[in-house]
Structures are given as structure tokens and as C-alpha cells.
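Q: This is the structure I want to talk about, given as C-alpha cells.
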Amino acid sequence: MPNPPTFNTWTIIFLFAAFQGIIISLILFFNGKASGRSQKIYLTILMVLFCLQIFEYVLWWTGYLVVWPHWMNSTGSFAFLFGPLLFFYFKSVFRSEGLNMSKDWLHFIPAVVFIIALLPQYALPASTKISYINGTLKNTAFIPWPWFNLIQLSLYVIICYYEYRHEAENTLEVKKWFRLILTLFSLYILSVLTYYALVRMPWFNPIWDYMISIACMIFIYTIAIYGYFNNKVFNGFDLMENMSRSKYQNSVLKDDFGRQALEKLNQLMNEEKLYVDDEINLDKLAIRLDISRHQLSQVLNEHAGMNFFEYINSRRIAEAKNLLTSTSKKELNIIEIAYRVGYSNKVTFNNTFKKYTGMTPSEYRSSSLLEHSGQILPIREHRQSGK
Numbered sequence: 287m288p289n290p291p292t293f294n295t296w297t298i299i300f301l302f303a304a305f306q307g308i309i310i311s312l313i314l315f316f317n318g319k320a321s322g323r324s325q326k327i328y329l330t331i332l333m334v335l336f337c338l339q340i341f342e343y344v345l346w347w348t349g350y351l352v353v354w355p356h357w358m359n360s361t362g363s364f365a366f367l368f369g370p371l372l373f374f375y376f377k378s379v380f381r382s383e384g385l386n387m388s389k390d391w392l393h394f395i396p397a398v399v400f401i402i403a404l405l406p407q408y409a410l411p412a413s414t415k416i417s418y419i420n421g422t423l424k425n426t427a428f429i430p431w432p433w434f435n436l437i438q439l440s441l442y443v444i445i446c447y448y449e450y451r452h453e454a455e456n457t458l459e460v461k462k463w464f465r466l467i468l469t470l471f472s473l474y475i476l477s478v479l480t481y482y483a484l485v486r487m488p489w490f491n492p493i494w495d496y497m498i499s500i501a502c503m504i505f506i507y508t509i510a511i512y513g514y515f516n517n518k519v520f521n522g523f524d525l526m527e528n529m530s531r532s533k534y535q536n537s538v539l540k541d542d543f544g545r546q547a548l549e550k551l552n553q554l555m556n557e558e559k560l561y562v563d564d565e566i567n568l569d570k571l572a573i574r575l576d577i578s579r580h581q582l583s584q585v586l587n588e589h590a591g592m593n594f595f596e597y598i599n600s601r602r603i604a605e606a607k608n609l610l611t612s613t614s615k616k617e618l619n620i621i622e623i624a625y626r627v628g629y630s631n632k633v634t635f636n637n638t639f640k641k642y643t644g645m646t647p648s649e650y651r652s653s654s655l656l657e658h659s660g661q662i663l664p665i666r667e668h669r670q671s672g673k
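Note that our numbering gives residue 382 to position 96 of the sequence shown, counting from 1, and the numbers run on in steps of one.
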């Protein structure tokens, strides 16, 4: 460590990036509609934690950690929060579901375990911490926290990709954003992996010590720049082509054309069941109708009263309801019905079905069977008769 504390070009850049990243994150968070903040809160927190992590690294590299020794390992637990924050960001965007600690507390166990394990270190007096920083005291206990963290982060990237990849295919804009976030996050994981693989090599270059912070900085600035030029990202970006009617107030799309396009769309859906294609998106559908994706979005919003995602889901759920009532569990189980109507996994199907009907597919099938068997119908008739 430098002694006395001093800055070089790299540490000045990192310090500037850390402070600027926090300011940009907060500006982008508070800018725009308040209703969109429930989605972007997770991405904002992720960026702020990256900035604080960079700040602790700067204190270490410059030697100022001796001046503020209680910063030592203060951001260590943040690395175990990055994965959950990414997961809940996509969950809030694609499923409109936020964090529910009564169900989601398991995601935070690694961070809590890390903090508990380091509590004795956090409680040390400043003089002892300085001894550790200077290397006069050595930490004899070795737990490979970085490698545990790398495994955890990698699992979250894989989970996010397979859990939300089909929902991210609805528009090209959504697809680009989804892949950008995962690519940046993977770059961070790769930088951490490379650093810890090389740091023990005899030919390790001290300048490589900066690679993790460089990856954090790339993540921060890329998100900030993308958010600036694509303001839907930080203004409640729905990611599901959730376009408002106000967007089309000055449109020249004629009513007759809109109605005819919707009729043609409905006919295509009825005859070819295009909604069962799990890769269907706005662009593909627009090509079939021989209109632009913008016009198709407008037709759906103005004449169907819903966005593309809602339209496709309404078709899929209607088909699923028909299959649930016309087949038995032996003929078609729930996952088979999910695949048949266009969903790639049971979780997405169950969540969407419940959102539209208030029941899970299994509950809907059971209630339908009871009604057809006469066990529910008499009760309804009894209530309607006022007895």
C-alpha cells in the first residue's frame, strides 16, 4: 500500500466514477414517473452498491484505508446482494412482482452469513484493523468467500436468463436491454474470476488489481448512458411494449384501417393460433399482417384496448381455459397445456393464469370439474334464488 496515502491517475478516475455513479443513479431514479420507481429501485441500488464497492477499493489502493480503517471489508457483503438485486429487477419488470421478504428471504442468506462471519472483524478497534491493513497482523482463518460469490453470481445469471428469456423476446428493444444487462453482469463476474485466478501467479501485474473496478465502472456508465438515450429504462420501462394511448394522439392511423387490421389479426389467431409460438413477438406478427410494428402496437392499444403482451396472454389463457375444461389430468397435465398454448415453463404459465383468472390452472380445472359434476351449480342456484 502507498505510504503516505496518495492518488494516481487510475484511483482518481475510479473515485470520480464512484461519486458520479451515485449521483447519476439517484438522478435517474427520481427522474420521471413515481409509479415507475418500484421497478427501477433494484437497478438503482445495484449501481449504488457498485459505486460504494469502488470507493472502498480506492481507499485501499491509495492508503487512505488507514485513515478510515472501519471501511475495511465494509462492502464485502454487497457482492452477495448483486445477484438477488438483478433477479428482483427482472421479476418486477416482467412479472410486476416486488420483493416479498416472507417468501424471498432465502435470497439474502449468503449476504447475512458473510456479515455474521465477519462480525468479529467488524468489532475490532481501529488500531487492530490498521495492523491488518498494514500486514503486521495476518488473518489465519481462510474461507474462500470470493469463490462462493462467483458461484452464486453465475447461478443468478443462469436463472435470470432461463426464467425471463421468453418474456424478453416480445420486442427487439426489450431483447437488447435484457441481453445488455446480463452481458454487463457477466463481464463483472469474468473480471472477478480472472482477478482471483491470476492474483496468486508470480507474474501477476499490480495494475490488474483494477480490473474488477473497471468492470463495475463499465456497468455503471453503460447503464447510465443507455438510460439517458432510452429514458424508458429509468422511467418505469415496462419492457412489455406497454404503450399508452397518449403516444398516438397525433397519429394518422385511420379508424377503418385499424379495425380491419384487428379483424385480420383476430382471424389469424383463430385460424393459425399464432399465439402458441413461444417465440412470437411484435415484429413477427407485424410482418404477417404486412404493417409496421408501430402500427400494430397502435392497433392493439386503440382498438383492442391492450398492449401486445396482454393480447397474446389473453389468447393463450383463453385457450388454456378451454383445454383445462375439456380434458382430464390424464389426457393433458398442466405443463403439457402450458407448452401447448405457448409458454415455455410452468412457473410463467401459473403466474400469468392466476393474474388473469384469480386461480391457478389446477384450481381452475378442479372448480370446472366440480361445476360440471353438479357439486357447485346447486349452491349457485341456491344463492341466486335468495334462499
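Positions of the beta carbon are idealized from the N, C-alpha and C atoms, including for glycine.
Owing to the predicted nature of the structure, the values given are computational and were not obtained by experimental measurement.
Once DSSP output is grouped into helix, strand and coil, what is the label at T638?
A: The answer is helix: DSSP assigns T638 an H, G or I state.
Q: Per DSSP, what kind of secondary structure is I298 in: helix, strand or coil?
A: I298 falls in the helix class under three-state DSSP.
Q: Ordered along the chain, which non-local residues of its own chain (more than five positions away) have a Cβ less than 6 Å from that of Y367?
A: Correcting the residue type first, residue 367 is Leu in the shown sequence and not Tyr. The residues are A397.
Q: Rounding to the nearest angstrom, what Cα-Cα distance links N536 and N587 in this structure?
A: Interpretation of N536 is limited by its pLDDT of 41, a score under 50 that renders its predicted location unreliable; no figure is taken from the coordinates.
Q: Within 10 angstroms of its Cβ, does E527 collect 16 or more other Cβ (buried), or is it exposed?
A: Note that E527 has pLDDT 43, beneath the 50 cutoff, so the model's placement of it is unreliable and no number is given.
Q: Answer with buried or exposed for Q339, where buried requires no fewer than 16 other C-beta atoms within 10 angstroms of its C-beta.
A: Buried is the call here.
Q: Cβ atoms of L560 and R545: under 9 Å apart, would you say?
A: Their beta carbons are not under 9 Å apart, which means R545 does not touch L560 by this criterion.
Q: Compute the Euclidean distance between the alpha carbons of G522 and H452, then round it to the nearest angstrom.
A: Its pLDDT being 47, under 50, G522 is placed unreliably in this model, and the value from its coordinates should be taken loosely. Rounded to the nearest angstrom, the two C-alpha atoms are 20 Å apart.
Q: What residues in its chain sit with their C-beta under 6 Å from that of V585, if we drop five residues either side in the sequence?
A: Same-chain partners within the cutoff: G544, A547 and L548.
Q: What does a CB cutoff of less than 8 Å around K462 pick up in its chain, not counting 5 residues either side in sequence?
A: Closer than 8 Å at Cβ, skipping near neighbours: no residue.
Q: Between C337 and G362, how many whole angstroms is the CB-CB distance? I'm expecting something under 8 Å.
A: Wrong, their Cβ atoms sit about 15 Å apart, outside the cutoff.
Q: Between the alpha carbons of F394 and L466, how many angstroms are there, rounded?
A: Cα to Cα, the separation comes out at about 25 Å.
Q: Among residues of its own chain, excluding the 5 on either side of E342, which ones have a beta-carbon nearer than 7 Å to its beta-carbon?
A: W357, S360 and T361.
Q: For the alpha helix (DSSP H) that contains G369, what are its first and last residues?
A: Looking at the DSSP string, the run of the alpha helix (DSSP H) that includes G369 is F368 to F380.
Q: Please return the same chain residues whose Cβ sits closer than 6 Å to the Cβ of I298, not counting the five positions on each side in sequence.
A: Around I298: no qualifying Cβ.
Q: On the criterion of 16 or more Cβ atoms from any shown chain inside 10 Å, does S413 qualify as buried, or is it exposed?
A: Classification for S413: exposed.
Q: Here's the rule I'm using: 16 or more other beta-carbon atoms within 10 Å means buried, otherwise exposed. How should M387 be labelled?
A: It is exposed - the Cβ of M387 has fewer than 16 other Cβ atoms within 10 Å.
Q: Which same chain residues end up closer than 6 Å to G628 when comparing Cβ atoms and leaving out the 5 residues on each side of it in sequence?
A: Excluding residues within five positions, the ones whose Cβ falls inside 6 Å are Y561, V562, D564 and R602.
Q: Where does V353 land, buried or exposed, given buried means 16+ other C-beta within 10 angstroms?
A: Result: exposed.
Q: Give me the Cα-Cα distance between D542 and S600, rounded to the nearest whole angstrom.
A: In a straight line, the C-alpha of D542 is about 24 Å away from that of S600.
Q: Residues in the same chain with beta-carbon distance under 8 Å from S578, minus the five sequence neighbours each way, listed in chain order, please.
A: So the qualifying residues of the chain are A572.
Q: Identify the continuous alpha helix (DSSP H) that holds E622 and give its terminal residues.
A: Looking at the DSSP string, the run of the alpha helix (DSSP H) that includes E622 is I620 to V627.
Q: Do you know how far the Cα of F374 is from the Cα of F595?
A: Roughly 20 Å between the two C-alpha positions.
Q: Let me know the secondary structure DSSP gives L338 once reduced to three states.
A: Three-state result, L338: helix.
Q: CA-CA distance, E557 and Q581?
A: Each residue's Cα considered, the two are about 22 Å apart.
Q: Let me check understanding here. Comparing Cα to Cα, which of V334, L335 and F315 lies closest to K326?
A: Considering only alpha carbons, the answer is F315.
Q: Quick one: does L473 have its CB under 9 Å from some CB of chain C?
A: Among the protein chains of the structure shown there is no chain C, as only one such chain exists.
Q: Taking the alpha-carbon of S654 as reference, which of G349, L610, E622 and T638 has the nearest alpha-carbon?
A: Closest by alpha carbon: L610.
Q: Compute the beta-carbon to beta-carbon distance between I310 and A510, rounded to the nearest angstrom, for a pair I have assumed lies under 8 Å.
A: Sure, about 5 Å apart at Cβ, within 8 Å.
Q: Tell me the rounded alpha-carbon separation between F464 and S499.
A: So the two alpha carbons sit approximately 23 Å from each other.
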